[in-house]
Amino acid sequence: MRTVIEPFKIKSVEPIALTTREQREKLIKNAFYNTFYLKSEDITIDLLTDSGTTAMSAKQWGKIMEGDESYAGSKSYYKFENAVKDFTNFKHIIPTHQGRAAERILFSVLGGKGKYIPNNTHFDTTRANIEYAETTAVDLPGEDGTNPEKLGDFKGNLNIAALETLIKKVGKENIPVCMLTVTNNSGGGQPVSMKNIRETKNLLKKYGIPLYLDCCRFAENAYFIKMREKGYKNKSIKEITREMFSYADGCTMSAKKDGLSNTGGFIGTNDDEIAGKAKTLLIITEGFITYGGLARRDLEALAVGFEEVFDENYLKYRIEQVKYFGDKLMESGVPILVPTGGHAVYLNAKRFASHIKPEHYPGQSITCEIFKVGGIRVVEIGSVMFGKKDAKGKHIAPPMELVRCAVPRRVYTNTHIDYTVEAITEVYKNRKKLKGMKISWEPEFLRHFTAKFDYI
Ligand SMILES: *Cc1c(COP(=O)(O)O)cnc(C)c1O
30 MRTVIEPFKI
40 KSVEPIALTT
50 REQREKLIKN
60 AFYNTFYLKS
70 EDITIDLLTD
80 SGTTAMSAKQ
90 WGKIMEGDES
100 YAGSKSYYKF
110 ENAVKDFTNF
120 KHIIPTHQGR
130 AAERILFSVL
140 GGKGKYIPNN
150 THFDTTRANI
160 EYAETTAVDL
170 PGEDGTNPEK
180 LGDFKGNLNI
190 AALETLIKKV
200 GKENIPVCML
210 TVTNNSGGGQ
220 PVSMKNIRET
230 KNLLKKYGIP
240 LYLDCCRFAE
250 NAYFIKMREK
260 GYKNKSIKEI
270 TREMFSYADG
280 CTMSAKKDGL
290 SNTGGFIGTN
300 DDEIAGKAKT
310 LLIITEGFIT
320 YGGLARRDLE
330 ALAVGFEEVF
340 DENYLKYRIE
350 QVKYFGDKLM
360 ESGVPILVPT
370 GGHAVYLNAK
380 RFASHIKPEH
390 YPGQSITCEI
400 FKVGGIRVVE
410 IGSVMFGKKD
420 AKGKHIAPPM
430 ELVRCAVPRR
440 VYTNTHIDYT
450 VEAITEVYKN
460 RKKLKGMKIS
470 WEPEFLRHFT
480 AKFDYI
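According to my numbering, the stretch in the sequence shown is residues 30 to 485, in order.
As structure tokens, this is what we get:
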């Protein structure tokens, strides 16, 4: 059979809001034209993020009842630790309440003035946590990684030559760690090849710099390796994942993604000294080392999530659904970042709204219009999220202006996707009417979450 079906049936349903255009125009205005301020009860299809929005399985919900809520030494922690060690093989597994808590702890331990942390592309919270620790975050995407229109199998790859140039320029002693984000979220959810992971590790080894994976979507990345990289067709996802981690000295993870759960994260490391310092910080700010800010029942859900995510039928459905979404948009002529990534479709806002300059936030304008047309929530990943200002206050745009339509795991059917495609196509047909925007208020860090906008 050629039709890829959801490898599950639906046991429990949640109603979603159906609103009128008039209502939605008011709602988005009252939300300061920032989709983060919208109330979920007013949203028809929520593609803001795939983070923590997963539908859990009956087995996960069942295990939640078995959570051992002991403060220290909980049974649930050991199930979680075993599940994570099974694919990472790291010596220390330190649970956190989500990914950014793992990042804050790791970069507080490793960062500092005059230090540099490279990555294929830092995710927004990763960059913010590095900069908050007064460290410089450096993006080193591969050649095609910032070209939304060029096809490629592994556009998430890190530029290894650029990494060596950086090491020579700033000195190996000033690079406490090199990160590698799999899949590359801010770079379009694009996978990183095994070859690239291996070669990055080989270069770093020469200079004694450890490699840490930002491994939120390790299973989706492993699936792409299986499908696209020579020599991996007959390997299981677990085998591929283990090989990926075998090149790393540690990791940070938001388990709200490939943990198939609603919350959670962890730091993995083989370094006793880093682990010791991280555990101290964990106790000060997150909780004891056997729960790290999580309810123990969440650790139960994660332990099961880390089994289910290796199911190849699940991964096939997952990646194919995102591809279906991207293919339908392309059939309608909508410019998207190609090829479609693992967890989201990214609209190419530069081409979509080419009459709006980056400093007037084309992606934000598209995002608001998609809500007005279909009650669909998506998010800008471009000048709002990553734009900077030079000394004279002039806007410095990031390489790409994107709008991310993230697909939650096991939540929406392809009819929901069809509806979304119809709405985005409608916005695209009327794109000439899209207006540029300005920021009327912004905070110091991670402005996209709470900034307020208006039309110019
Ligand atoms: C989600 C994400 C994070 C941060 O994790 P949270 O759980 O949201 O704090 C870090 N890196 C990447 C690549 C992510 O996708």
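Quick reminder that beta carbons are idealized off the backbone N, C-alpha and C, glycines included.
Residues that DSSP places opposite Tyr-457 in a beta bridge:
BP columns for Tyr-457 are empty, so no partner.
Report the option in Ala-435, Phe-37, Ser-412 whose CA atom is closest to the CA atom of Ile-468.
Ser-412
Under 9 Å between C-beta atoms of Pro-509 and Gly-185:
Because the chain is modelled from 30 through 485, residue 509 falls outside the range shown and cannot be assessed.
Could you tell me the boundaries of the alpha helix (DSSP H) in which Ala-330 lies?
325-337
Is Lys-184 near ligand 1, going by C-beta to nearest heavy atom under 8 Å?
no
Straight-line gap, Leu-331 to Ile-348 (C-alpha atoms, nearest Å)
21 Å
Quick one: Cα of Ile-226 to Cα of Tyr-145, how far?
19 Å
Looking at C-beta atoms only, is the number of pairs between the segment 325-344 and the segment 229-249 that lie closer than 8 Å three or more?
yes
Closest by CA to Lys-224, which one among Ser-265, Asp-483, Gly-237, Ile-269?
Ile-269
Alpha helix (DSSP H) runs contained entirely in the segment 152-236, provided each spans 4 or more residues:
153-161, 189-199, 223-236
Assuming contact is defined by CB atoms lying nearer than 9 Å, are Phe-295 and Val-113 in contact in what I supplied?
yes
Identify whether Val-408 lies in helix, strand or coil by the three-state DSSP scheme.
strand
For the alpha helix (DSSP H) holding Met-273, just list the boundary residues, first then last.
266-275
Work out the CA separation of Asn-299 and Thr-319 for me, nearest whole Å.
18 Å
On the DSSP letters alone, give me the boundaries of the beta strand (DSSP E) that Ala-435 sits inside.
431-435
Alpha carbons only, please: which of Lys-235, Asn-231, Glu-451 is nearest the one belonging to Lys-357?
Glu-451
Is it the case that the segment 116-127 contacts the segment 360-371, given that we only count it when at least three CB pairs across the two stretches are under 8 Å?
no
Helix, strand or coil: how does DSSP classify His-384 here?
coil
Classify Ile-254 as buried or exposed, calling it buried when 16 or more other Cβ atoms lie within 10 Å of its own Cβ.
buried
Under a Cβ-count criterion, where at least 16 other Cβ atoms within 10 Å of its own Cβ denotes burial, should Leu-47 be classed as buried or exposed?
exposed
Considering Phe-488, what are the terminal residues of the alpha helix (DSSP H) in which it resides?
No answer is possible for residue 488: the residues shown for the chain start at 30 and end at 485.
I need the DSSP call for Gly-91, collapsed to helix, strand or coil.
helix
So, with DSSP's three-state summary, where would you put Thr-125?
strand
As a quick exercise: from Ser-80, Ser-86, Phe-61, Thr-82, pick the residue whose alpha carbon is nearest that of Lys-38.
Ser-86
Does the segment 151-158 come close enough to the segment 304-317 that 3 or more CB-CB pairs lie under 8 Å?
no
Which same chain residues end up closer than 8 Å to Ser-265 when comparing Cβ atoms and leaving out the 5 residues on each side of it in sequence?
Phe-339, Glu-341
Output the distance between the C-alpha atoms of Glu-172 and Leu-187, rounded to the nearest integer angstrom.
9 Å
Less than 8 Å between the CB of Gly-362 and some heavy atom of ligand 1, yes or no?
no
Integer-rounded CB distance, given that Leu-311 should sit under 8 Å from Ile-134
6 Å
If you draw a straight line from the alpha carbon of Pro-44 to that of Ile-74, how long is it in whole angstroms?
11 Å
State buried or exposed for Pro-387, treating a residue as buried only when at least 16 other CB atoms are found within 10 Å of its CB.
buried
Quick test of the definition: if touching needs 3 or more C-beta pairs under 8 Å, does the segment 166-183 touch the segment 102-116?
no
Range of the contiguous beta strand (DSSP E) that encloses Cys-7
Because the chain here runs from 30 to 485, residue 7 falls outside it and cannot be looked at.
Please determine whether the Cβ atom of Cys-245 lies at a distance below 8 Å from any heavy atom of ligand 3.
In the structure on display, ligand 3 does not appear, and the ligands it does have are ligand 1.
Below 8 Å on the Cβ atoms is my contact criterion, and I expect Glu-132 with Thr-292 to pass it. Report the Cβ-Cβ distance as a whole number of Å.
Wrong, their Cβ atoms sit about 15 Å apart, outside the cutoff.
Report the rounded CA-to-CA distance for Tyr-484 versus Phe-317, giving the unit in angstroms.
47 Å
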